Amino acid sequence: MATVTLEKVSKVYPNGFEAVKELDLDVSEGELMVLVGPSGSGKTTALRMVAGLEEISSGTLLMGGKVVNDLAPKDRNVAMVFQSYALYPHMTVAENIGFSLKLRKVPKDEIKRKVKDAAQLLGLGDYLDRKPAQLSGGQRQRVAMGRAIVREPSVFLMDEPLSNLDAKMRVQMRSEISRIQRRVGVATFYVTHDQVEAMTMGDRVAVLHLGELQQVGTPQDLYERPDNLFVAAFIGSPAMNLFEAMISPTGDEVKIGAQTLGLPDTLRQARPALAGYRDRKVVVGIRPESLIDAALGAAPPPGATLLADVELVEALGNELQVHFLIEASAVHSKATEAATGAEELGGVPVLQMGGNKTEGVARISPRSLLKAGDRAVFQVELDRLHFFDPDTGLAIWN
Amino acid sequence: MSVGSLATKDNRPDRRRPHAPKRGVPSRARFVLRRIRKDPASIPIFLALLVASGVMLYPFGFMLLNSLRSQSQYLSGSGFSTASWSALFSYLPVGRELLNSALVCAASIAIILAVSSSAGFAFAKLSFRGQGALFVTVIGCMMVPLQSIIIPEYVNFAHVHLINTYLGAILVYAGLGTPFATFLMMTFYRGLPEELVEAAVCDGLGYESTFWRVALPLAKPALATVAVLQFIQIWDDLLVGLLFLQEPTNRTITVGLGVLSSGRVVAIPELMAGSLISALPAVIVYLVFQRYLVAGLTLGVNR
Numbered sequence: 008m009a010t011v012t013l014e015k016v017s018k019v020y021p022n023g024f025e026a027v028k029e030l031d032l033d034v035s036e037g038e039l040m041v042l043v044g045p046s047g048s049g050k051t052t053a054l055r056m057v058a059g060l061e062e063i064s065s066g067t068l069l070m071g072g073k074v075v076n077d078l079a080p081k082d083r084n085v086a087m088v089f090q091s092y093a094l095y096p097h098m099t100v101a102e103n104i105g106f107s108l109k110l111r112k113v114p115k116d117e118i119k120r121k122v123k124d125a126a127q128l129l130g131l132g133d134y135l136d137r138k139p140a141q142l143s144g145g146q147r148q149r150v151a152m153g154r155a156i157v158r159e160p161s162v163f164l165m166d167e168p169l170s171n172l173d174a175k176m177r178v179q180m181r182s183e184i185s186r187i188q189r190r191v192g193v194a195t196f197y198v199t200h201d202q203v204e205a206m207t208m209g210d211r212v213a214v215l216h217l218g219e220l221q222q223v224g225t226p227q228d229l230y231e232r233p234d235n236l237f238v239a240a241f242i243g244s245p246a247m248n249l250f251e252a253m254i255s256p257t258g259d260e261v262k263i264g265a266q267t268l269g270l271p272d273t274l275r276q277a278r279p280a281l282a283g284y285r286d287r288k289v290v291v292g293i294r295p296e297s298l299i300d301a302a303l304g305a306a307p308p309p310g311a312t313l314l315a316d317v318e319l320v321e322a323l324g325n326e327l328q329v330h331f332l333i334e335a336s337a338v339h340s341k342a343t344e345a346a347t348g349a350e351e352l353g354g355v356p357v358l359q360m361g362g363n364k365t366e367g368v369a370r371i372s373p374r375s376l377l378k379a380g381d382r383a384v385f386q387v388e389l390d391r392l393h394f395f396d397p398d399t400g401l402a403i404w405n
Numbered sequence: 008m009s010v011g012s013l014a015t016k017d018n019r020p021d022r023r024r025p026h027a028p029k030r031g032v033p034s035r036a037r038f039v040l041r042r043i044r045k046d047p048a049s050i051p052i053f054l055a056l057l058v059a060s061g062v063m064l065y066p067f068g069f070m071l072l073n074s075l076r077s078q079s080q081y082l083s084g085s086g087f088s089t090a091s092w093s094a095l096f097s098y099l100p101v102g103r104e105l106l107n108s109a110l111v112c113a114a115s116i117a118i119i120l121a122v123s124s125s126a127g128f129a130f131a132k133l134s135f136r137g138q139g140a141l142f143v144t145v146i147g148c149m150m151v152p153l154q155s156i157i158i159p160e161y162v163n164f165a166h167v168h169l170i171n172t173y174l175g176a177i178l179v180y181a182g183l184g185t186p187f188a189t190f191l192m193m194t195f196y197r198g199l200p201e202e203l204v205e206a207a208v209c210d211g212l213g214y215e216s217t218f219w220r221v222a223l224p225l226a227k228p229a230l231a232t233v234a235v236l237q238f239i240q241i242w243d244d245l246l247v248g249l250l251f252l253q254e255p256t257n258r259t260i261t262v263g264l265g266v267l268s269s270g271r272v273v274a275i276p277e278l279m280a281g282s283l284i285s286a287l288p289a290v291i292v293y294l295v296f297q298r299y300l301v302a303g304l305t306l307g308v309n310r
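For the protein sequence lines, the chains are G and P, in the order given. Count along the first sequence from 1, then add 7; that gives the number in this note's numbering. Count along the second sequence from 1, then add 7; that gives the number in this note's numbering.
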């Protein structure tokens with residue numbers, strides 16, 4: 008087992024394309040680090056550099072304190088689980104799992120024992136003599152896991168291992184992988200584009216965009232204190248509502264369209280940098296669960312509500328997702344569009360504000376009677392508002 | 008084996024070809040009838056195919072029928088005898104020639120398989136300096152007609168005393184067959200997921216051992232295709248054998264038949280008997296391995 012450290016690791020392809028830019032990451036023993044980002048963010052390239060399948064253009068990769076930049080994959084003692092599982096089709100499950108041990112000339116009895124143990128751990132005991140073609144997607148995924156853990160590697164690398172499974176199986180395997188990873192206690196890199204996977208599995212999550220590390224932290228950190236607009240828009244489902252807003256000259260109010268929200272002292276103390284934005288434009292972020300149907304509780308204090316027109320109500324059983332239109336300018340940036348999967352990226356300036364009405368989502372109690380066409384009054388959890396600089400896209404904190 | 012396990016095995020769907028029609032003539036006839044009933048416009052297509060089959064099968068019928076006649080029976084068009092078969096075996100060392108053909112075929116195919124399977128892997132899965140130029144050269148070799156190089160080849164082989172030796176003919180056949188076989192193998196290896204090779208590399212294999220332990224075992228169907236195609240081509244070839252194997256002791260069966268038909272008087276029934284013997288191995292190989300042939304020839308189509 009070992010820690011893995013990436014120090015300013017970059018990947019530049021011969022055509023000049025920079026897939027990963029000066030990536031700094033530190034993964035300790037037993038930690039599950041999730042690399043998450045949209046397509047083209049460089050997460051898989053970073054993983055492949057750790058595996059040794061891709062040359063490192065610059066920077067240093069350390070495993071257990073040793074520089075391994077020039078070591079061949081087989082000498083790094085890493086085990087990788089691929090998106091397509093990459094099982095050897097001509098070998099049985101047992102042969103697949105034990106193949107790497109056979110190559111290391113481990114005695115046959117020991118191979119048999121280790122394969123049996125791994126199969127038991129993964130619930131594959133009855134399938135050891137089958138070929139991969141005779142297994143379901145979930146079983147193949149488990150074989151791929153078995154192949155990785157039986158080697159007792161220093162580092163686990165997983166490249167979107169659940170993306171070929173159906174939704175139900177994905178949820179099941181998500182917890183199984185977490186369980187197995189905790190049990191074997193090996194430093195693990197887990198690549199995914201699914202932020203739900205990232206949030207539920209990662210001890211820490213590294214968010215990448217266009218080859219650059221945006222933020223690294225615990226899932227809760229990323230959710231509650233996103234460093235920039237990209238992370239704010241990417242982490243969370245449904246995504247954070249982002250509106251153009253104006254801080255009042257006195258600094259104790261923020262105006263979203265024609266509506267005004269008061270900024271409590273606690274919020275301003277937690278974000279001292281907000282004082283520098285008096286009478287200036289900002290981007291306000293409101294998580295969908297920070298909007299509450301005001302009709303369900305006591306009358307909200309003044310300056311803590313937003314009016315919006317309900318367009319659609321989705322009942323999920325435990326909550327309602329209310330899609331609404333609000334009189335405010337929407338926020339469009341390359342970062343937010345990439346984060347939310349908006350397709351049109353070309354020609355969008357760093358930050359563009361505009362439009363009279365903006366869409367938003369609220370997650371509210373199923374007891375609410377709101378329906379499409381209603382004029383809703385949402386109480387806003389003011390302490391949980393997020394603020395971003397419209398020019399740099401960075402969060403306004405200290 | 009228990010009844011239960013038998014039942015399970017019988018009920019198990021054919022995973023390789025889940026929609027494959029049942030084998031045998033009746034099921035095929037049923038398929039044709041069903042198709043015609045469903046789509047009467049397909050009748051002309053089936054008629055055309057029927058005529059084409061007749062054209063293909065006629066020579067075989069002609070060979071079989073006339074090999075069972077003596078020269079006089081052949082000329083009169085009636086009666087049957089085995090005289091031509093007895094005469095054929097007395098004129099020609101048929102066994103020896105068949106053995107020569109088998110030897111030349113086996114050795115040539117072995118060389119072709121060895122070179123094409125490894126070269127195809129290198130072109131498909133590795134990147135190396137000069138790869139593009141080398142690949143174009145291999146493809147270029149496929150386009151050179153045999154007839155245009157056979158004389159210089161003969162002269163060169165004569166210089167190194169390889170005329171009238173098995174080795175000479177084997178090298179020529181291997182040289183002619185390898186470019187296409189390499190192309191075919193490369194197409195197959197390109198279909199293998201990149202991740203499979205990378206998984207092997209992570210497991211501790213080098214590229215060479217990945218070839219031996221992962222790629223080659225998976226390439227069995229492609230290797231079978233190459234072997235069958237080359238077998239039919241080499242077994243049926245006359246020109247190379249005629250030039251490079253002229254001694255009566257090392258002639259192949261096609262060269263032997265060529266000699267038989269080059270006399271002043273040509274006995275058609277004996278020639279037909281010889282042709283039948285010569286054609287039979289290729290036909291059998293084709294019928295047994297036709298699944299591989301179709302699979303091999305459509306490699307890369309569904310991608």
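All C-beta atoms in this analysis are idealised placements derived from N, C-alpha and C, irrespective of residue type, glycine included. Predicted model only: the values in this text are computed from it and were never measured.
Would you kindly check if the distance between the Cβ of residue j and the Cβ of residue i is under 8 angstroms?
{"i": "G/Y197", "j": "G/M206", "result": "no"}
{"i": "G/H393", "j": "G/G269", "result": "no"}
{"i": "P/I119", "j": "P/A181", "result": "yes"}
{"i": "G/G310", "j": "G/T257", "result": "no"}
{"i": "G/L108", "j": "G/V162", "result": "no"}
{"i": "G/Y31", "j": "G/K15", "result": "One detail in the question is off: residue 31 of chain G reads as Asp in this sequence, not Tyr. Yes; because the gap between Cβ atoms is below 8 angstroms, this pair is in contact."}
{"i": "G/M56", "j": "P/C209", "result": "no"}
{"i": "P/A206", "j": "G/A93", "result": "yes"}
{"i": "P/I239", "j": "P/V292", "result": "yes"}
{"i": "G/G192", "j": "G/R211", "result": "no"}
{"i": "G/A79", "j": "G/T52", "result": "no"}
{"i": "P/L294", "j": "P/S282", "result": "no"}
{"i": "G/F241", "j": "G/Q202", "result": "yes"}
What separation, rounded to the nearest whole angstrom, lies between the Cα atoms of residue i and residue j?
{"i": "P/F218", "j": "G/R190", "result": "35 angstroms"}
{"i": "P/A140", "j": "P/M192", "result": "18 angstroms"}
{"i": "P/Q253", "j": "P/T259", "result": "9 angstroms"}
{"i": "G/E159", "j": "G/A194", "result": "11 angstroms"}
{"i": "P/D244", "j": "P/L183", "result": "12 angstroms"}
{"i": "P/E202", "j": "G/E366", "result": "42 angstroms"}
{"i": "G/L249", "j": "G/M40", "result": "28 angstroms"}
{"i": "P/R197", "j": "P/F130", "result": "9 angstroms"}
{"i": "P/S97", "j": "P/A188", "result": "39 angstroms"}
{"i": "P/Q297", "j": "P/L230", "result": "13 angstroms"}
{"i": "G/A265", "j": "G/A252", "result": "10 angstroms"}
{"i": "P/V39", "j": "G/Q146", "result": "41 angstroms"}
{"i": "G/Y230", "j": "G/L323", "result": "22 angstroms"}
{"i": "P/Y65", "j": "P/G127", "result": "39 angstroms"}
{"i": "P/M63", "j": "P/F69", "result": "11 angstroms"}
{"i": "G/S48", "j": "P/I52", "result": "54 angstroms"}
{"i": "G/D173", "j": "G/I187", "result": "20 angstroms"}
{"i": "P/Y299", "j": "P/C112", "result": "19 angstroms"}
{"i": "G/P397", "j": "G/G23", "result": "31 angstroms"}
Determine the chain G residues that contact residue i at a beta-carbon separation under 8 angstroms, and present them in chain order.
{"i": "P/G127", "result": "Residues of chain G passing the Cβ test: none, with the nearest at roughly 18 angstroms."}
{"i": "P/E277", "result": "Going along chain G, no residue has its Cβ under 8 angstroms from P/E277, so there is no contact; the nearest lies around 49 angstroms."}
Interface residues of chain G around residue i at Cβ under 9 angstroms?
{"i": "P/A117", "result": "Within chain G, no residue comes near P/A117; the closest Cβ sits about 22 angstroms away, beyond 9 angstroms."}
Tell me, please, which residues DSSP counts as bridged to residue i.
{"i": "P/Y7", "result": "Residue 7 of chain P is absent from the structure shown; chain P starts at 8 and stops at 310."}
{"i": "G/I299", "result": "G/Q386"}
{"i": "G/A306", "result": "According to DSSP, which records beta bridges pairwise, G/A306 is partnered with nothing at all."}
{"i": "G/S17", "result": "G/S65"}
{"i": "G/E167", "result": "Answer is none; G/E167 lacks a bridge partner."}
Closer than 9 angstroms by beta-carbon distance: list the chain P residues that pair up with residue i, in chain order.
{"i": "G/A86", "result": "C209, D210"}
{"i": "G/K81", "result": "V208, C209, D210, G211, L212, G213"}
Assuming residue i contacts residue j under a Cβ cut-off of 8 angstroms, what Cβ separation, rounded to an integer in Å, is found between them?
{"i": "G/R370", "j": "G/Q328", "result": "6 angstroms"}
Which residues in chain G sit within 7 angstroms of residue i, going by Cβ to Cβ distance?
{"i": "P/V331", "result": "Examination of residue 331 of chain P is not possible in this model, given that chain P is present from 8 through 310 alone."}
{"i": "P/L225", "result": "P96, H97"}
Which residues in chain P sit within 7 angstroms of residue i, going by Cβ to Cβ distance?
{"i": "G/S91", "result": "P200, E202"}
{"i": "G/L110", "result": "D210, G211, L212"}
{"i": "G/F106", "result": "D210"}
{"i": "G/V58", "result": "Before going further, note that residue 58 of chain G is Ala rather than Val in the sequence given. Residues of chain P passing the Cβ test: C209."}
Does the beta carbon of residue i fall short of 7 angstroms from some heavy atom of the ligand GDP?
{"i": "P/L95", "result": "Inclusion of the ligand GDP in the displayed structure is not the case, the ligand content being empty and no account of it being possible."}
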